[in-house]
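Enquirer: First to last, the protein sequences are chains D and F.
Just remember that this note's numbering sits 1358 ahead of the position in the first sequence, which is counted from 1.
Just remember that this note's numbering sits 114 ahead of the position in the second sequence, which is counted from 1.
Beta carbons: idealized from backbone N, C-alpha and C, even for Gly.
This structure is in structure tokens; I'll ask about it shortly.
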Amino acid sequence: MSESSVLTIGAPGYDVDRLVADLQETTDRKMKDGVYADARVAAAEKTNLAQLRGSDDFVTFYLTCLRDAVFVDISDFEIRERRRAFSRILVHLKKLLWNLLKFYTYRLWSQQNQINGLIITAMEGMEEQNATRIAALEKRIAELEQKAPDDGRF
Amino acid sequence: MADSERIAFVCPRFAGEGAVGGAETLLKNLAIHAAQRGLSVDFLTTCAQSHFTWENSLPAGTTQVEGMSVHFFPVDDRDVGTFLRIQQSIDRGRPIPPEEELRWLQNGVNSSALLRHLDQHASGYRAIFLGPYLFGLIYFAALAHPERSLLIPCLHDEPFARLACMKRLFSEPAGCLFNSQAERDLAGELFDYPDRKSRIVGMGLTPFEADATAFARRHGIDAPYVLYSGRREPLKGTPLICDYMDAFRQRTRRDIRVVFTGSGAIDAPAGLWPAIFDAGFVSEQEKHEAMAGAVSFLHPSINESFGIVLLESFLAGTPALVHAKSRVLVSQSRAAGAGLWFRHYPDFETELLYYLDHPEERKAMGEKGRQFVAREYAWPAIEQKFLDALHSLTLPAAP
Chain D
1359 MSESSVLTIG APGYDVDRLV ADLQETTDRK MKDGVYADAR VAAAEKTNLA QLRGSDDFVT
1419 FYLTCLRDAV FVDISDFEIR ERRRAFSRIL VHLKKLLWNL LKFYTYRLWS QQNQINGLII
1479 TAMEGMEEQN ATRIAALEKR IAELEQKAPD DGRF
Chain F
115 MADSERIAFV CPRFAGEGAV GGAETLLKNL AIHAAQRGLS VDFLTTCAQS HFTWENSLPA
175 GTTQVEGMSV HFFPVDDRDV GTFLRIQQSI DRGRPIPPEE ELRWLQNGVN SSALLRHLDQ
235 HASGYRAIFL GPYLFGLIYF AALAHPERSL LIPCLHDEPF ARLACMKRLF SEPAGCLFNS
295 QAERDLAGEL FDYPDRKSRI VGMGLTPFEA DATAFARRHG IDAPYVLYSG RREPLKGTPL
355 ICDYMDAFRQ RTRRDIRVVF TGSGAIDAPA GLWPAIFDAG FVSEQEKHEA MAGAVSFLHP
415 SINESFGIVL LESFLAGTPA LVHAKSRVLV SQSRAAGAGL WFRHYPDFET ELLYYLDHPE
475 ERKAMGEKGR QFVAREYAWP AIEQKFLDAL HSLTLPAAP
């Protein structure tokens, strides 16, 4: 969960540019610290993805959130019954059903989890590869610009 | 100004019960205030109310509304399949040949009866104000009488604005009335639109008093709430509100409710429903009370040319959270000093927590917004800007 109080601005509400810049700086720092590496954030961002395509660090951030979201929880869980009447019988019945289905559910979801994990690893690899390639190209362009004559032609 | 001076407005729908849209409201209000300032106003529109079906649901004919003559004309039959097929391609950013663009316009919303009326009476109007820009009706009407046409485009940065035909629509008419500097800048970028052919007018808003506790009391809302007012649809960003508020409530464990006013279905995650209050279509008074009592007004749409509800929430003394990609809403928030903008969920969470944990600062921002709108969007100032635009961009009609 995030911190509840972020910061106090000296002249509150009077310079929203500064306020937004300060708040976003805080957010960026917290993002780097992993405060938002959360499956719920990845899910919340699904309708905003098209607007974020241009952001430099977004793909890396989104993949971090996804890493938490891809693995479906297949652990055992407590079986309850909210209805009062026949609650004991119903709980026993549910437990019996779950014991019969458990093996097949685990088998299905453990395979799905493996696939999800492989896909996210592949995406992270591609992202890393692209980032390295872009960094190398930017370095090369900077070198060529330095070597270029004064008229700007290579 | 001569009392006899006549002007016309052309808009695909007439704002009223059952037909609400920002652009339609803006054109209607400008027309009413022009009539109040002594101009003779004809408002030409269609019989349609629904912007989904465009069914002719109102009777054709003429009626008097607040000092102007409103003429209703039937919408033409059209090939919806062709229209949607081409529209889908445009939406996906695929290049469209000119003949397909024309087919898209021809199969959009048109009214040949309205165009015929305009052909017969155009010479008697000093100016014809037309908008919003992306309808076949507006395109053909503006190009039929370009020397008298003044577009009120309500332009958005969207794939439709990048069609070749739009360049023609913007270049031929006598001028444009933009709602904000940000919209004017966008037209400059898209069409190389010269500043001398345009004026920034916008729409006036009348200050109001609203009881900040009345809405929550009436509906039994016993926790702080955020508000969205208007059409609920993906283009307006309402699914984003639901997704963000669901994540916010889960992550921060704050009991904050989400109030919607307006029309359309709400697409929300199951876990958020207990925190949603859908007030539906409400009166202006109730909308203002809902705004006055909200922690923040949420406006995540990036397709806005003016943002009427944003300015109304400022008038109610409530600051806003807007999407950083909406240059119009960001510029309004910045100018008013009454809104914060977010790039993504983490920003949203930080900023909403700021509003919740800093009530004094939030109140100060709201007050600043109220003063800004009351000063910049007072009707007398807007009416004057409108009349200046009319007189500087057009010539008097022939006697």
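Between Ala-438/F, Arg-484/F and Leu-504/F, which lies nearest to Gln-1382/D when the distance is taken from Cα to Cα?
Expert: For the residues Ala-438/F, Arg-484/F and Leu-504/F, the minimum Cα distance to Gln-1382/D belongs to Ala-438/F.
Enquirer: Note down the Cα distance separating Pro-246/F from Asp-360/F, rounded to an integer number of angstroms.
Expert: Spanning the two alpha carbons is a distance of roughly 34 Å.
Enquirer: Which word fits Ser-419/F, buried or exposed, when buried means at least 16 other C-beta atoms lie within 10 angstroms of its C-beta?
Expert: Looking at its Cβ environment, which holds 16 or more other Cβ atoms inside 10 Å, Ser-419/F is buried.
Enquirer: Any idea which residues DSSP pairs Cys-290/F with across the strands?
Expert: According to DSSP, Cys-290/F bridges with Leu-265/F and Ser-312/F.
Enquirer: For the alpha helix (DSSP H) containing Trp-1456/D, list its first residue and its last residue.
Expert: Its alpha helix (DSSP H) spans residues 1445 to 1505.
Enquirer: Looking at C-alpha atoms only, which residue of Ser-410/F, Arg-367/F and Glu-398/F is the closest neighbour of Val-373/F?
Expert: Ranking the options by Cα distance to Val-373/F, first place goes to Ser-410/F.
Enquirer: Quick check on Leu-1377/D - is its C-beta less than 9 Å from some C-beta in chain F?
Expert: Cβ-Cβ to chain F under 9 Å: yes for Leu-1377/D.
Enquirer: Quick one: what's got a C-beta closer than 7 Å to Lys-499/F's C-beta in the same chain, skipping five residues either side?
Expert: Closer than 7 Å at Cβ, skipping near neighbours: Arg-313 and Val-315.
Enquirer: May I ask you to list the residues that DSSP assigns as paired with Asn-170/F?
Expert: According to DSSP, which records beta bridges pairwise, Asn-170/F is partnered with Ala-162/F.
Enquirer: For my contact list, Thr-352/F and Ile-380/F are in at a C-beta cut-off of 8 Å; report their separation, rounded to the angstrom.
Expert: That belief holds up - the Cβ atoms of Thr-352/F and Ile-380/F are roughly 7 Å apart, short of 8 Å.
Enquirer: Please identify, using Cβ separations under 9 Å, the residues of the segment 362 to 375 of chain F that lie next to chain D, in order along the chain.
Expert: The residues in question are Phe-362, Gln-364, Arg-365, Thr-366, Arg-367 and Arg-368.
Enquirer: Looking at chain D, which residues of the segment 455 to 470 of chain F have a Cβ within less than 8 Å of any of its Cβ atoms?
Expert: Here the close residues are Trp-455, Arg-457, His-458, Tyr-459, Pro-460, Asp-461, Glu-463, Thr-464, Glu-465, Leu-467 and Tyr-468.
Enquirer: So what does DSSP say about Ala-503/F, is it helix, strand or coil?
Expert: Helix.
Enquirer: Establish whether the CB of Tyr-1464/D and some CB of chain F are separated by less than 9 Å.
Expert: So no, Tyr-1464/D is outside the interface.
Enquirer: Applying a beta-carbon distance threshold of less than 7 Å, which residues of chain D neighbour Lys-439/F?
Expert: Going along chain D in sequence order, the residues near Lys-439/F (Cβ under 7 Å) are Gln-1409.
Enquirer: Output, in chain order, the set of chain D residues within a Cβ distance shorter than 7 Å of Leu-354/F.
Expert: In chain order: Thr-1405 and Asn-1406.
Enquirer: Taking one C-beta from the segment 194 to 211 of chain F and one from the segment 177 to 186 of chain F each time, how about it: are there three or more such pairs within less than 8 Å?
Expert: No, the segment 194 to 211 of chain F is not in contact with the segment 177 to 186 of chain F.
Enquirer: Ordered along the chain, which non-local residues of its own chain (more than five positions away) have a Cβ less than 6 Å from that of Val-396/F?
Expert: Cβ within range, chain order: Thr-375.
Enquirer: Consult DSSP for Ser-397/F and reduce its assignment to one of helix, strand or coil.
Expert: Looking at Ser-397/F - three-state DSSP - the assignment turns out to be coil, as it is neither helix nor strand.
Enquirer: If you measure from the beta carbon of Ser-447/F to each beta carbon in chain D, is any gap under 9 Å?
Expert: At least one chain D Cβ lies under 9 Å of Ser-447/F.
Enquirer: According to DSSP, is Leu-277/F helix, strand or coil?
Expert: The answer is coil: DSSP assigns Leu-277/F none of H, G, I, E or B.
Enquirer: Who are the Cβ neighbours of Pro-348/F in its own chain at under 7 Å, not counting the five residues just before and after it?
Expert: So no residue of the chain qualifies.
Enquirer: Could you list which residues in chain D have their beta carbon closer than 9 Å to that of Asp-357/F, in chain order?
Expert: Under the 9 Å cutoff, chain D gives Ala-1401, Ala-1402, Glu-1403, Lys-1404, Thr-1405 and Asn-1406.
Enquirer: Alpha carbon to alpha carbon, what distance is there between His-402/F and Glu-429/F?
Expert: The sequence given here has Leu at residue 429/F, not Glu. Between Leu-429/F and His-402/F, the C-alpha separation is close to 9 Å.
Enquirer: Kindly list the residues whose CB is nearer than 8 Å to the CB of Ser-506/F, restricted to its own chain and excluding five residues on each side of it in sequence; keep chain order.
Expert: Arg-313.
Enquirer: Kindly indicate which residue of Leu-1421/D, Ser-1433/D and Lys-1388/D has the alpha-carbon position closest to the one of Ile-1477/D.
Expert: Measuring from the Cα of Ile-1477/D, the nearest candidate turns out to be Leu-1421/D.
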